[in-house]
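Numbering (our numbering), first residue to last: 55 to 186. Every residue, glycine too, gets a C-beta built ideally from N, C-alpha and C. Given the structure is predicted, the values throughout are model-derived calculations rather than measurements. Okay, structure first, notes after.
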């Protein structure tokens, strides 16, 4: 019998710890736990957790997300977006479902019309769906 190669699927979680500073974009197909500081865009097709010390200044695209830290920029979640009591979000939210705990702080607009597809060319490029 011939052996065929099948890529392994991983349930790994990428962890960025407190004290880490990243300037640039992050892209991953796995879940991410982010407790550091990011100036740039973050995109994952998995779940994103922004821990209490996590700070993101840029666009965020994910499947599901729990936000405990600070985000300055737009957040797009394909499914559930949860703002925990310690979260501070300054920017627009797009999600299919939204949960906000008492104590969470949010300034911006929220769109829950069911479509989280990027609308502009810039949005498509950031989300990685631009098929040029």
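Annotation for residue 153: the continuous beta strand (DSSP E) segment containing it runs 147–154. The three-state secondary structure of residue 166, taken from DSSP, is coil.
Taking the C-beta atoms as reference points, residue 67 is found no nearer than 9 Å to residue 91. The criterion of a C-beta distance shorter than 9 Å is not satisfied by residue 115 and residue 93. Within the same chain, and ignoring the five residues on either side of residue 142 in sequence, the residues whose Cβ sits closer than 6 Å to its Cβ are 124, 159.
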